[in-house]
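Only one structure is covered here, and it is reproduced in the block below.
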Amino acid sequence: MLLKERRQFLSSDSKTTENDILVLPLDVTNFESHEPALKSVLNKFGKLDIFINNAGQLNNPDVFVELDMVQDRHIFEVNVFSVVNMSRMVVKYFLKNGGGQIAVLSSLTGKFPCPYASCYSASKHALQGYFGSLRMETYGNKIDVTLICPGPVATPIFEKGVTKNPGELSTINVDVKSMITSERCAHLALVSMANRLNESWIGRVSFISFLTYIIAYLPVLLEAVSKIIATRL
Numbered sequence: 001m002l003l004k005e006r007r008q009f010l011s012s013d014s015k016t017t018e019n020d021i022l023v024l025p026l027d028v029t030n031f032e033s034h035e036p037a038l039k040s041v042l043n044k045f046g047k048l049d050i051f052i053n054n055a056g057q058l059n060n061p062d063v064f065v066e067l068d069m070v071q072d073r074h075i076f077e078v079n080v081f082s083v084v085n086m087s088r089m090v091v092k093y094f095l096k097n098g099g100g101q102i103a104v105l106s107s108l109t110g111k112f113p114c115p116y117a118s119c120y121s122a123s124k125h126a127l128q129g130y131f132g133s134l135r136m137e138t139y140g141n142k143i144d145v146t147l148i149c150p151g152p153v154a155t156p157i158f159e160k161g162v163t164k165n166p167g168e169l170s171t172i173n174v175d176v177k178s179m180i181t182s183e184r185c186a187h188l189a190l191v192s193m194a195n196r197l198n199e200s201w202i203g204r205v206s207f208i209s210f211l212t213y214i215i216a217y218l219p220v221l222l223e224a225v226s227k228i229i230a231t232r233l
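If you number the sequence shown the way UniProt numbering does, the last residue is 233 and the count never jumps.
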């Protein structure tokens with residue numbers, strides 16, 4: 001799959017050669033592989049300017065009391081701890097080498113509670129806390145931290161949710177026709193990074209985007225809106 005993506009990219013960009021691309025298959029939960037991967041990148045290109053954290057997995061949709069710690073731990077290993085561990089190494093490199101940029105794919109579910117996805121939502125809230133703090137700590141060090149918060153995106157993430165059985169993935173089918181495409185999301189994420197935004201919210205205009213603005217600018221309404229949502233579940 002990765003080699004196929006590389007070939008497609010090369011065919012679409014005549015200025016890029018195979019020598020400009022390095023593909024490193026990686027299990028992000030294997031923390032011992034993180035440092036060798038960073039060294040491989042530096043050995044190949046000589047430096048690192050931008051680091052994009054895009055690893056993430058969804059829990060199989062279920063109510064809070066039916067989820068278990070197997071799912072919670074796995075979601076946090078993938079969505080939070082792998083991202084934090086790799087980012088710490090990269091930030092240390094940036095501090096020694098004049099700065100850089102870190103982009104983190106969070107989610108709109110990191111901005112407000114999300115029923116049936118409590119551990120996924122919690123993992124994204126954790127990213128907001130970790131990297132919001134990092135941004136404050138690195139002001140003046142030429143390190144930009146961009147948190148990208150997409151709403152629903154048409155990707156296979158819904159078909160690969162973590163279940164209670166290790167190694168088993170969700171088989172849930174979700175209608176993605178109304179969701180923003182992954183290509184459009186990626187484009188807007190790159191625009192956010194190019195403009196060095198602290199945070200961007202990405203998605204089609206919908207109830208979810210409307211809810212995000214309400215919670216951000218009128219947080220006092222969160223309880224009322226939550227009660228309305230709860231009555232419709």
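Just so you know, even glycine gets a beta-carbon here, dropped at the ideal spot from N, CA and C.
Item                                                                                                                                                                                      : Value
So, do the region 135 to 151 and the region 193 to 200 have three or more beta carbon pairs nearer to each other than 8 angstroms?                                                        : yes
Rounded to the nearest angstrom, how far is the Cβ of M86 from that of H34, given a contact under 8 angstroms?                                                                            : 5 angstroms
What is the residue span of the beta strand (DSSP E) that D144 lies within?                                                                                                               : I143 to P150
Using only the alpha-carbon positions, how far apart do E18 and F210 sit?                                                                                                                 : 43 angstroms
Taking 8 angstroms as the threshold, find out whether the region 114 to 130 comes into contact with the region 170 to 179 through three or more Cβ pairs.                                 : no
Using the Cα positions of V63 and C119, report the straight-line distance between them to the nearest angstrom.                                                                           : 10 angstroms
For I21, name the three-state secondary structure that DSSP assigns.                                                                                                                      : coil
Mind checking whether L22 and K47 have CB atoms under 7 angstroms apart?                                                                                                                  : no
Whose CA, out of G110, L26, P115 and R73, lies closest to the CA of K124?                                                                                                                 : G110
Kindly list the residues whose CB is nearer than 6 angstroms to the CB of R204, restricted to its own chain and excluding five residues on each side of it in sequence; keep chain order. : I180
Could you check the C-alpha separation between F94 and S192 for me, to the nearest Å?                                                                                                     : 20 angstroms
Straight-line CA distance for G56 to L26?                                                                                                                                                 : 13 angstroms
Could you check which residue in Q101, L42, I228 and S178 has the C-alpha nearest to that of T138?                                                                                        : Q101
Can you look up V70 in the DSSP assignment and give me helix, strand or coil?                                                                                                             : helix
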